[in-house]
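The sequence shown begins at 730 in my numbering and counts up one residue at a time. Heads up, the beta-carbon is just placed ideally off N, CA and C, and yes, glycines get one too. Let me begin by presenting the structure, written as structure tokens, before commenting on it.
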Amino acid sequence: MTYSLINVLAQAAPAAGGGSFLGSNPMIIAFPLILVVMYFFMIRPQQKKAKEQTTFKETIEKGQKIVTIGGIHGKILEVKDKTFVIEVGNGIKLEIEKSAVSLELTKAVQAPPAPTK
């Protein structure tokens with residue numbers, strides 16, 4: 730009474746002509762649906778955020794206060810092609826890459842303070 734793999738697979742095979750095409754294979758609908766959901770909930774927001782970050786870095790001007798991704802606070806003294814020269818305090822100047830500026834932290838610093846009660 731040994732079952733070979735072919736016998737097991739033959740017993741598990743669906744009967745010919747049974748069910749509709751979509752009913753017999755729900756993955757035909759599920760896989761594209763998963764891809765669409767991934768696009769709208771994961772890929773598209775990341776693309777939008779990257780575009781917003783790029784636009785933000787291009788619009789930074791001399792005199793604005795910024796925060797780097799490393800947490801360094803400074804004021805823009807000079808804008809170059811790929812870098813900024815910032816003053817961090819007491820005349821100390823640093824040259825940083827534009828990619829090191831944090832959008833979220835800089836917006837928090839530039840936002841007006843919340844009114845106190």
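Around the Cβ of ILE757, are there at least 16 other Cβ atoms within 10 angstroms (buried) or fewer (exposed)? Within the sequence shown, numbered from 1, the residue matching residue 757 stands at position 28. With fewer than 16 other Cβ atoms within 10 Å, it is exposed.
Tell me the rounded alpha-carbon separation between ILE801 and GLN775. One-based indexing of the sequence shown puts residue 801 at position 72. One-based indexing of the sequence shown puts residue 775 at position 46. Taking the straight line from one Cα to the other gives about 25 angstroms.
If I follow the unbroken beta strand (DSSP E) through GLU826, where does it start and stop? Mapped onto the sequence shown, residue 826 falls at position 97. 821-826 is the span of the beta strand (DSSP E), which, as asked, contains GLU826.
I'd like to check one pair, VAL808 with GLU790: are the Cβ atoms closer than 8 angstroms? Within the sequence shown, numbered from 1, the residue matching residue 790 stands at position 61. Within the sequence shown, numbered from 1, the residue matching residue 808 stands at position 79. Result yes, Cβ atoms of GLU790 and VAL808 sit closer than 8 angstroms.
Give me the Cβ distance between ILE798 and SER831, rounded to the nearest whole Å; I'm assuming they're in contact under 8 angstroms. By one-based count along the sequence shown, residue 798 stands at place 69. By one-based count along the sequence shown, residue 831 stands at place 102. Indeed they touch by this definition, with Cβ atoms about 5 angstroms apart.
Candidates GLN839, ALA779, LYS846, SER828: which alpha carbon is nearest GLY792's? Counted from its first residue, the sequence shown places residue 792 at position 63. Selected option, being the one with the closest Cα: GLN839.
Which residues does DSSP list as the beta-bridge partners of VAL814? Translated into the one-based positions of the sequence shown, residue 814 becomes position 85. In the DSSP output, where bridge partners are listed per residue, VAL814 has GLU807, GLU824.
Run through DSSP, which three-state label would LYS791 get? Counting from one through the sequence shown, the residue named residue 791 turns up at place 62. Three-state result, LYS791: coil.
DSSP state of THR783 mapped onto helix, strand, coil: Your numbering for residue 783 matches position 54 in the sequence shown. Of the three classes helix, strand and coil, the one that applies to THR783 here is helix, per DSSP.
Is THR783 close to the ligand GTP? I mean its beta-carbon at under 7 angstroms from any heavy atom of the ligand. Ligands in the displayed structure: none, and consequently the ligand GTP is not present.
Counted within 10 angstroms of its Cβ, other Cβ atoms place THR835 as buried (16 or more) or exposed: Against the sequence shown, residue 835 aligns to sequence position 106. By the 10 Å Cβ count, THR835 comes out buried.
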